[in-house]
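Numbering-wise (the UniProt record's numbering), the sequence shown opens with residue 1 and increments by one.
Beta carbons: idealized from backbone N, C-alpha and C, even for Gly.
Note that the structure is a prediction, hence the values are computed from the model and not measured.
Structure first, commentary second.
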Amino acid sequence: MKKQLYNITGLLVLLLVFGCKKSFLEMDPQSTLTAGTFFKTASDIKQAVNGCYIPLRDMGRIDYWLFGEMRSDNTGFQFNKENRGLETQREFVDEFLTGATAESVLDLWQRSYSGISNCNDVLGSIGGITMPDSAKNQYTGEVSFIRAFHYFTLVRQFGDVPLRLKSVNSPAESRSEGRAKTDMVYATIIADLKEASAKLPVKYGSTDAGRATRGAAETMLAEVYMTRKQFDSAATVLKDVITLGYSLQADYKSIFDPANKNNSESVFELQYSGILPELASSFMYTFAPYTSGSVVTGDVNTGMGVDNGWNIPTQDMLDTYEAGDKRKDASLATGFTDATGFVNIPYVKKYNWGFVAPGRTNVNFIVYRYADVLLMLAECLNETGQGAQALHYLNDVFGGASIRGRAALAPITVTDQTQLREAIAHERRVELAFENHRWYDLVRTGKAVDVMNAHGVQEKQLKSFIPAAAFQVTANKLLLPVPQREVSIDNLQQNPL
1 MKKQLYNITG
11 LLVLLLVFGC
21 KKSFLEMDPQ
31 STLTAGTFFK
41 TASDIKQAVN
51 GCYIPLRDMG
61 RIDYWLFGEM
71 RSDNTGFQFN
81 KENRGLETQR
91 EFVDEFLTGA
101 TAESVLDLWQ
111 RSYSGISNCN
121 DVLGSIGGIT
131 MPDSAKNQYT
141 GEVSFIRAFH
151 YFTLVRQFGD
161 VPLRLKSVNS
171 PAESRSEGRA
181 KTDMVYATII
191 ADLKEASAKL
201 PVKYGSTDAG
211 RATRGAAETM
221 LAEVYMTRKQ
231 FDSAATVLKD
241 VITLGYSLQA
251 DYKSIFDPAN
261 KNNSESVFEL
271 QYSGILPELA
281 SSFMYTFAPY
291 TSGSVVTGDV
301 NTGMGVDNGW
311 NIPTQDMLDT
321 YEAGDKRKDA
331 SLATGFTDAT
341 GFVNIPYVKK
351 YNWGFVAPGR
361 TNVNFIVYRY
371 ADVLLMLAEC
381 LNETGQGAQA
391 LHYLNDVFGG
401 ASIRGRAALA
411 PITVTDQTQL
421 REAIAHERRV
431 ELAFENHRWY
441 DLVRTGKAVD
451 VMNAHGVQEK
461 QLKSFIPAAA
471 FQVTANKLLL
481 PVPQREVSID
491 NLQQNPL
């Protein structure tokens, strides 16, 4: 692939913009590396590892929520009848109408493999660099984690995918060996995560906050095991994560406060900063109704249009919260008030914390947090017939708070496996709302087809603009089509449509 052939050049350009003399987050211009000196020193490796985080940050701005949240029954979009261009491709993701030529699908594929290629370059070079073993282990662990992250996204979205595990140094090496079977892809992911878990530290100093840790690797490994229905293995790993010093924040809303980044509940989060446009996040703007002007964002200098009105909470999502659940008000608003009065268009406000500069925010996006760990462990215990023990992780205090308690809700008491399974699924949906877990939870629990077809019926009843062909969900539709460009140039077999 063209992006892979020129990966080193692209990475050098990125590193000219993001050196690493300061903190891990605030990477200002510091170096003028050339291809001739690249991957020669420990400093080169460190900068390359920093560069491996950049695709995660970039993809976090759209790819992860588009395919992990908006594809589920949690969110949809605000229909923009004035603009029917590229934005329809995002709508098609929500409506299960995405085709193989969709730019959004190609972007997900190419950006993931570009990130994998960055990781391969580091892993292929680090062995020949002289540096302390502790640093070599840490960098190897970080990059193994990131490569697993990309492959875990790809295999869940596309199924069988090409395994690219070495640097691409010539045109002849750019062709893949075809789509590897899912089992082989998962074996690679598990191997990478075990490598990462063994080599990563439990925590870092403040200047390196946000780097992958042992807890992050083990949490993802547990999710991989759960996706593979290996609940005993997942539980074993999750119990180890619990020993690593995480704790629940007492106030749910404060978890997402940019003044409280990388807090005691955070296991892994994508790092953003408003100091430069390239480092900034923009979730507040993206998720605001495009007709809300500056009412939702408070930013009179940033206009609203096709980039806004995405990831809009559905009526089904609004109705899911129990009465009195504090998480609802912290996560979403049912509408906004402008000069005309109250406008009944809900929006995600979990990431609405103001702006640093017009159009730029510094809100991080949490990928894994301790509440997720507890909920996963509860699910694993219930699936292995240990319902009473599962309740412990839903109701009891972990570091000053409990999941149900801080939501101002009564403890869950059911122990019947089926009923508790539904209760845990409900907790995951509301606790982790708009954090890109819902779609993957539906698929791995075998509920996606039924839930999304029922959701489609409701959406068509509420929204006249939904096409008749939308939400015709089958097992084949649970996988995205392989981008037609990749089918053609890499001779890949297409997914059944």
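query	result
Selection from T340, Q389 and D325 that minimises the alpha carbon distance to G405	D325
Among T188, Y370 and P289, nearest to T243 - alpha-carbon criterion	Y370
Residues of its chain near C380, where Cβ-Cβ distance is below 7 angstroms and the 5 sequence neighbours each way are ignored	M226, F231, A234, A235 and L238
The region 303-320 in contact with the region 268-275 per 3-pair CB rule at 8 angstroms	no
Spatially closest choice to L479 from I466, Q458, A448 and V457, by CA coordinates	A448
The region 356-366 contacting the region 375-390, beta-carbon criterion three pairs below 8 angstroms	no
Where E322 sits in the DSSP three-state scheme	coil
Coarse secondary structure for V161, derived from DSSP in three states	strand
Among R429, S43, I54 and E95, nearest to K477 - alpha-carbon criterion	E95
Alpha-carbon spacing of A454 relative to G446, whole angstroms	14 angstroms
CB-CB length for S254 against N260, believed under 8 angstroms	5 angstroms
F67 and T153 closer than 9 angstroms at C-beta	yes
Counted within 10 angstroms of its Cβ, other Cβ atoms place A401 as buried (16 or more) or exposed	buried
Under 9 angstroms between C-beta atoms of S125 and A217	no
Alpha-carbon spacing of K181 relative to G309, whole angstroms	37 angstroms
Identity of the residue in N118, M452, A433 and D63 nearest D372 by Cα	A433
Chain-order list of residues whose beta-carbon lies under 8 angstroms from that of T37 (same chain, five-residue window excluded)	Residue confidence is low: T37 scores 46 on pLDDT, short of 50, so the model does not pin down where it sits. Its coordinate-derived value is still stated next. If we look at T37 and ignore the five residues flanking it on each side, its Cβ neighbours are D44.
Beta-carbon gap between A280 and R360 smaller than 9 angstroms	yes
Run of the alpha helix (DSSP H) containing D44, from where it starts to where it stops	A42 to G60
Beta-carbon proximity check, R111 vs P162, cutoff 9 angstroms	no
Assumed close pair D450, S176 - CB separation to whole angstroms, cut-off 8 angstroms	The Cβ separation is near 35 angstroms, so there is no contact.
Cβ neighbours of P258 in the same chain (closer than 8 angstroms, five flanking residues each side left out)	W353, T361, N362, V363 and N364
Residues near T320 in its chain [Cβ-Cβ closer than 8 angstroms; skip 5 each side]	H426, R429 and V430
For F287, the three-state DSSP class (helix, strand or coil)	coil
Secondary structure of R429, DSSP reduced to three states	helix
Inter-residue spacing [alpha-carbon to alpha-carbon] between K460 and V482	28 angstroms
Cβ-Cβ distance between V155 and V122 below 9 angstroms	no
Three-way DSSP call (helix, strand, coil) for T75 in this model	strand
Buried or exposed by the 16-neighbour rule on C-beta atoms within 10 Å, applied to A191	exposed
Whether Y290 touches D299 by CB criterion (9 angstroms)	no
Residue(s) in a DSSP beta bridge with S281	T361
Where L270 falls: helix, strand or coil (DSSP)	strand
C-beta contact flag for L442 and S104 at 9 angstroms	no
Cross-strand partners of T337 (DSSP beta bridge)	F342
Inter-residue spacing [alpha-carbon to alpha-carbon] between A198 and Y252	31 angstroms
C-beta contact flag for V348 and F283 at 9 angstroms	yes
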